[in-house]
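Enquirer: Residue 40 is where the sequence shown starts when you use this note's numbering, and the numbers rise one by one after that. Glycine included, each C-beta is placed from N, C-alpha and C at the ideal position. Below are the structure tokens for one structure; questions will follow.
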Amino acid sequence: MQAWVIGNWKQNPATSHDVKALLDDLLTAVSSKEQSDIAACQLMVAPSFIHLTAVNERLKGSSVLCAAQDISAHSASTGAYTGDCSAQQIADAGATWTILGHSERRQYHQESHDCLLQKMTHALTQNLGVIFCIGETQAQYDAKQTLAVIDAQLAVIKDLLTQQPELIEGLPARLIIAYEPVWAIGTGKVPTVAEVSATHQHIKQTLASFNAALDNMTVLYGGSVNADNADSFAADSMIDGALVGGASLKAESFLAIAQAFSRAMA
Ligand code: PGA
């Protein structure tokens, strides 16, 4: 097994110059560590659409993968959808994965079940892997609704397989779930490792109940993961890696998180 540590750059950095500097730092650190302390970790970064091509060019020949942060729900290829970017265009820019259903997309763009079902179908039919984000709000957490919320969000995958059973082919290798409690994102607040572990176990069991091929799927934790708390999450066997926002914008903290997960795999 390998761990996954994925950097969600969100709407950062501000300039292509800063993107290049971040990548330079990251690749210098990765090449000096390649064979050793991050060996059990697959790294990935998710830049803005505008930076995808340049980032992919720069990552060629390295072990670091590249994801988009979203794709169009309307068409997998082309069409009159101003402002959108399709799965085909993302793949053509060199990305091999996309994040879908991040809570900021759900919140600011009202992404619904049907919208995410469309996006997931488009991604998979264009051979993009999907990092599917799920998680409860603070109010839902307080009301002890976490598992019910997660079940409703995971139903996108159930419906996908009901509508297009053929998509199960290759899905285990092309789907990663990121459990991100909304209240933990960018706040410095984190659930306990025991809470995350129990939720991940529930997610894995739910996916396996959809189809036996989805047994023991990769489930990442996201929400205020940093160099200081990564070890505690990494130590739990239910936590297969991290989706990292703020701490992915510095090569040093991003790599420290990767080292923590890599150490835990050893
Ligand atoms: P954070 O963001 O690490 O800054 O909390 C995580 C995410 O939104 O994926």
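1) Can you name, in chain order, every residue of its own chain whose Cβ lies under 7 Å from the Cβ of S236, other than the five neighbours on each side?
2) Exposed or buried, S263, counting other C-beta atoms within 10 Å across all chains shown (16 or more means buried)?
3) Would P52 pass as a contact of L288 if the rule is Cβ separation under 8 Å?
4) Which value, in whole angstroms, describes the spacing of the CA atoms of V221 and D190?
5) By Cβ distance, which residues of its chain are closer than 7 Å to A290, with the 5 residues on each side in sequence left out?
6) Beta-carbon separation of K158 and I110 under 8 Å?
7) Give me the Cα-Cα distance between I242 and L104, rounded to the nearest whole angstrom.
8) Taking A299 as the reference, give the member of A106, L246, C80 and E175 with the closest Cα.
9) Return the chain-ordered ranges of every beta strand (DSSP E) run that is complete within the stretch 150 to 215 and spans a minimum of 3 residues.
10) Excluding five sequence neighbours on each side, which residues of the same chain lie with their C-beta closer than 7 Å to the C-beta of T117?
11) Quick one, which of P204, A194 and H239 has its alpha-carbon nearest L259's?
12) Per the contact definition of three or more C-beta pairs closer than 8 Å, is the stretch 173 to 186 in contact with the stretch 196 to 204?
13) Say yes only if the C-beta of S292 is nearer than 7 Å to one or more non-hydrogen atoms of ligand 1, and no if none qualify.
14) What do you reckon, are the CB atoms on C154 and A112 nearer than 8 Å?
15) How far does the alpha helix (DSSP H) with Q108 in it extend, from its first residue to its last?
16) Taking 7 Å as the cut-off, does the CB of L82 come closer than this to any heavy atom belonging to ligand 1?
17) Taking C-alpha atoms, which residue in V283, A269 and D254 lies nearest to V232?
18) According to DSSP, is A85 part of a helix, a strand, or is it coil?
19) So, is A119 buried or exposed, given that buried needs 16 or more other C-beta atoms within 10 angstroms?
20) State the beta-bridge partners of L139 as determined by DSSP.
21) Bridge partners for N47 per DSSP, in chain order?
22) For A115 versus T164, is the C-beta spacing smaller than 8 Å?
23) Report the rounded CA-to-CA distance for F171 versus I138, giving the unit in angstroms.
24) When DSSP builds the beta bridges, which residues end up paired with A281?
25) Please name the residue in A194, D198 and A223 whose C-alpha comes closest to that of Q179.
26) In its own chain, which residues sit with a C-beta less than 6 Å from the C-beta of Q108, not counting the 5 before and 5 after it?
Expert: This is what the structure holds:
1) D275, M277 and I278
2) buried
3) yes
4) 16 Å
5) L61, D64, L65 and A68
6) yes
7) 25 Å
8) C80
9) 168 to 173
10) S125
11) H239
12) no
13) no
14) yes
15) Unbroken run through Q108: none, as it is neither H nor E.
16) no
17) A269
18) strand
19) exposed
20) F171
21) A85
22) yes
23) 6 Å
24) V44 and Y260
25) A223
26) A85 and I138
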